[in-house]
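Encoded as structure tokens, the structure appears first; notes follow it.
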Amino acid sequence: MHQKTVFIVLFLTLFFCSLSSAQHGAIQVNARAQQDKIMLRWAVNNPIDWQKANTTGFKLNKMLIKKDGVLLANPVKEELTILKAEPLEQWVEFIQKDNYAAIVAQALYGDSFEVGQENEDTLTKIVSISDELNQRFSFALFAADLSFEAAMKAGWGFIDEEVKLNEVYVYQVEAIDLPNINTGAYMLGLSDHEELPKITDFTAIPDDKQIMLSWGIERLNNVYSAYMIERSDEGKDFIPISQTNIVSINTSDLQNNKQMFYGNKIDANNQNYFYRIYGINSFGEKGPYSDIIQTQGVASVVVAPRIIDYSILNSNEVVLEWEFPVEEEKNINAFELHYAQKDLSDYEPVAHHINKSDRKFHYKGLSASNYFKVAVVDQQNNKLFSQSTLVQPIDTIPPSKPLALTGQIDSLGYVKLNWKPNTEKDLAGYRVLRAVCCQKN
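Put into structure tokens, the structure is as follows:
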């Protein structure tokens, strides 16, 4: 039994090592030029190499490759700095004011990032260890994208202020004493500085005591890692509507990650609210505010109309009457009339935009059997239906007589009759009559 356990442990250790080596380690670098400095961020692209690199640290190199628009023939590489995560005691004060720094510190120094349960068997514990490392890796990089200061304390970011406007540099980040992890690089100069983009498609969708806010993120995914929405009751003093940054956690290609939505509860529907939004990139920079949008909540309809009477005028016309609270009219747009010949079938709208102050409708086009529903349409185009009501006009018109009646008698004396089918929708059936017209003497 002991040998079997040892074999499983060895097998899974080799499996996870081969799985890790299948994804070759590499450092990915991003940079941002401001008017007087260049900001750098980097990350190792898989959990095992990330953990190793955090232990040994990173070396940041810099090369001047272009000056006054001319490429240098022999650029010289200089070691800019050695970076490694600061000791845990230097994080204590910082994590009190930065929740994302607390996540990074826990991922780096926490005793556990437990995802498993106690009393697990050997196989499950090994899987849990792998899951724990993935959790540390994923949460740490996520939090570092939302706090540039935390990224620098972890040894994953740097600000270079020794830069000139007429120069272009190549920055290289390498993992110390880990040659199997590919070095990352980025070329940038102060002349590459660009203003962060303004969010131009910020919209509000009103609902009952709630506003649904939406904006496109497809073109912003490589620019902003988070967003902040602010609200004002009078259009002047804006305050954030959330305590933390708003982030998109949907990275699935199947979801076509193009649009973000965020709901904000409001106190009253009949009050103006003003909103604006800005983006935040992984260097902690805030983008420009969007245009301010103004909106109000819209009350939902909670009372359905009720058909209370109808008057049949003739075999083709009826006047339907319903009731609906007058005080609810402010929350609706109109009424609609829906019709079906069978109650369990699909109802079709036969009258739109009936005035919300009306309680009667004159309908023409009755059949032998008619079912009606009245729908109330609110300001979000939601509909609430009444109960169904059957209307049957008095039937005084018989069906047309069958046409093209023919008959044949075969050699055995069987009679076969044929006629054209009637077109009346309320036809119940046919009755066949027979008369003896002749007798042999």
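Under mature numbering (1 follows the signal peptide of the UniProt record, and there is no 0), the residues of the sequence shown are numbered -22 to -1, 1 to 419, in order.
From the three backbone atoms N, C-alpha and C, an ideal C-beta is built for every residue, glycine too.
Judged by DSSP secondary structure, Asn77 falls within the alpha helix (DSSP H) whose first and last residues are 77 to 87. In this structure, DSSP gives Lys342 an extended state, which the three-state scheme calls strand. Beta-bridge pairing by DSSP links Ile219 to no other residue. Counted as a single uninterrupted DSSP element, the beta strand (DSSP E) harbouring Glu152 occupies residues 145 to 153.
Taking all protein chains shown into account, Phe115 has 16 or more neighbouring C-beta atoms within 10 Å of its C-beta and is therefore buried. Excluding its 5 nearest sequence neighbours in each direction, Pro266 has C-beta neighbours in its own chain below 6 angstroms: Lys176, listed in chain order. Here Lys30 is actually not in contact with Glu56; their C-beta atoms are around 25 angstroms apart, not less than 8 angstroms. If you compare the alpha carbons of Phe350, His171, Ile73, Ala85 with that of Glu110, the shortest gap goes to Ala85. Around the beta carbon of Tyr202, 16 or more other beta carbons lie within 10 angstroms, which makes this residue buried.
Distance check between Lys37 and each of His340, Phe313, Trp20, Asp404 places Trp20 closest, using alpha-carbon atoms only. Leu298 is bridged by DSSP to Tyr288, Phe339. In this structure, the straight-line span from the alpha carbon of Ala129 to that of Ile26 is close to 19 angstroms.
Under the three-state reduction of DSSP, Val141 is assigned to coil, being neither helix nor strand. Taking 7 angstroms as the cut-off, the Cβ atoms of Ile244 and Lys308 do not count as close. Burial check for Ser260: the Cβ neighbour count within 10 Å reaches 16 or more, so the residue is buried. Residue pairing of Glu57 in beta bridges, as defined by DSSP: Asn39. Per the DSSP secondary-structure output, Glu402 pairs with nothing in a beta bridge.
Counting the other CB atoms within 10 Å of its CB gives Tyr87 a total below 16, which places it among the exposed residues.
In this structure, the beta-carbon distance from Ala63 to Phe72 does not fall below 7 angstroms.
Judged by pairs of C-beta atoms under 8 angstroms, the segment 323 to 340 does not touch the segment 369 to 387, as fewer than three such pairs exist. When secondary structure is reduced to three states using DSSP, Pro327 falls in the strand class.
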